[in-house]
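Numbering (the UniProt record's numbering), first residue to last: 1 to 278.
Shown next as structure tokens:
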């Protein structure tokens, strides 16, 4: 008679990785991109532990991937924290081609003029499909919660810069309406007829407003910057906290700066045409 050990009759236990939490199926590239997105959502620097928590990664994996990204200038280390690296900004300049980069460079002095005149947060944005992309921003002295960041996209229909651009671009405006006008706040214009009437008013006055339509407590006023073909190429806006923001007060400054910016855009177009003929 053979003698069996008591443990020999026990069923085989599954490996620890098969019990409870499933293994992470994401590739290293997926995980690195998640880290970059988490850094992009952060104003300023952030530590490894918090990055790991937000990304759903282990701390050791987070630290290893950050090292790789740092060696490639995609992130920068500040003490024990991290932020996006300069190389990403160089890549971002190429996302929409040299036109946006040239516009940003040419219009920066005018954006600075607008800031000096208002002392509020000011933006430069362009239209991409039915979204707006912020290509430059100068922060005002009085902090205001604002979803805008350089390189960020927001729906055009609920922002002042977006409405300023859609008002003079019929095809883009109709595409925005057909895509739907989801409610971001209780002030968002979601009715197509009301939205089209709003754009008509903007065409008549040249001024667009965001009355807490994109974010609670935030009010903006914007003007388009027209190109040589009579179509807008970008828009300026001034943003501030709704409880203290006098929208009408900034309209003259916006019109004045937009006029000078339009002249600068025309000069840029003439220079580009001259270069093409050489």
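Glycine included, C-beta positions come from ideal geometry on N, C-alpha and C.
Quiz item: Can residue 252 be considered in contact with the ligand HEM, in the sense that its beta carbon sits closer than 8 angstroms to one or more heavy atoms?
Solution: Absent from the structure shown: the ligand HEM. Ligands present: none.
Exercise. Kindly confirm or deny that the segment 157 to 166 and the segment 225 to 243 touch, where touching means at least three C-beta pairs closer than 8 angstroms.
Key: yes
Practice problem: Give the DSSP bridge partners of residue 236, in chain order. | Solution: 124 and 223
Quiz item: Where does residue 80 land, buried or exposed, given buried means 16+ other C-beta within 10 angstroms?
Solution: exposed
Practice problem: Give the secondary structure of residue 157 by DSSP, where H, G and I count as helix, E and B as strand, and everything else as coil. | Solution: helix
Quiz item: Exposed or buried, what is residue 72 when buried is set at 16 or more other beta-carbons lying within 10 Å of its beta-carbon?
Solution: exposed
Quiz item: Mind pulling the alpha helix (DSSP H) runs of 4 or more residues that sit fully within the UniProt domain "HTH iclR-type" (26 to 86)?
Solution: 28 to 40, 48 to 55 and 59 to 71
Quiz item: What residues are listed by DSSP as bridge partners for residue 265?
Solution: Residue 265 is not bridged to any residue.
Quiz prompt | Spatial neighbours of residue 110 in its chain, beta-carbon cut-off 7 angstroms, leaving aside the 5 residues before and after | solution = 257, 260, 261 and 264
Exercise. Would you mind reading off the limits of the beta strand (DSSP E) that contains residue 202?
Key: First-last for residue 202: 192 to 205, but that is the alpha helix (DSSP H), not the beta strand (DSSP E).
Quiz prompt | Residues near residue 268 by beta carbon distance below 6 angstroms, same chain, minus five either side | solution = 106
Quiz item: residue 279 and residue 39 look like a contact to me (Cβ under 8 angstroms); what is the Cβ gap, rounded to whole Å?
Solution: Absent from the structure is residue 279, since the part of the chain shown begins at 1 and ends at 278.
Quiz item: Going straight from the alpha carbon of residue 270 to that of residue 124, what length do you get?
Solution: 22 angstroms
Quiz prompt | Same chain, Cβ closer than 8 angstroms to residue 113, neighbours up to 5 away in sequence not counted | solution = 257 and 260
Quiz item: Are the segment 179 to 188 and the segment 131 to 141 touching, with three or more C-beta to C-beta distances below 8 angstroms?
Solution: no
Quiz prompt | Same chain only: Cβ atoms within 8 angstroms of residue 122, ignoring 5 sequence neighbours per side | solution = 111, 114, 115, 137, 138, 140, 236, 237, 238 and 239
Exercise. Using the Cα positions of residue 192 and residue 213, report the straight-line distance between them to the nearest angstrom.
Key: 15 angstroms
Quiz item: How about residue 113: is its C-beta nearer than 9 angstroms to some C-beta of chain B?
Solution: Reference to chain B is not applicable here, since this structure consists of a single protein chain.
Practice problem: Could you tell me whether the Cβ atoms of residue 211 and residue 242 are closer together than 9 angstroms? | Solution: yes
Quiz prompt | Short Cβ contact (9 angstroms threshold) for residue 48 with residue 66 | solution = yes
Quiz item: Which residues mark the beginning and the end of the beta strand (DSSP E) in which residue 131 is found?
Solution: 131 to 138
Quiz item: Just checking my contact of residue 83 with residue 44 at CB under 8 angstroms: how many whole Å lie between their CB atoms?
Solution: 7 angstroms
Practice problem: Report the rounded CA-to-CA distance for residue 14 versus residue 27, giving the unit in angstroms. | Solution: Residue placement at residue 14 is flagged as unreliable, the pLDDT there being 44, under the threshold of 50; the coordinate-derived value follows with that caveat. If I take the Cα positions, the gap works out to 24 angstroms.
Quiz item: Alpha carbon to alpha carbon, how far is residue 248 from residue 155?
Solution: 24 angstroms
Practice problem: Could you work out which residue in 104, 61, 209 and 62 is closest to residue 189 when comparing CA atoms only? | Solution: 209
Quiz item: What three-state label does DSSP hand residue 113 in the structure shown?
Solution: helix
Practice problem: Decide if residue 98 is buried, meaning its Cβ has at least 16 other Cβ atoms within 10 Å, or exposed. | Solution: Residue confidence is low: residue 98 scores 49 on pLDDT, short of 50, so the model does not pin down where it sits. No coordinate-derived value is stated.
Quiz item: Between residue 61 and the rest of its own chain, which residues show a CB-CB distance below 7 angstroms, the 5 nearest in sequence each way excluded?
Solution: 31
Quiz item: Between residue 360 and residue 167, is the Cβ-Cβ spacing less than 9 angstroms?
Solution: Residue 360 lies beyond the residue range present for the chain, which begins at 1 and ends at 278; the question has no answer from this structure.
Quiz prompt | Between the CA atoms of residue 253 and residue 177 - distance to the nearest angstrom | solution = 31 angstroms
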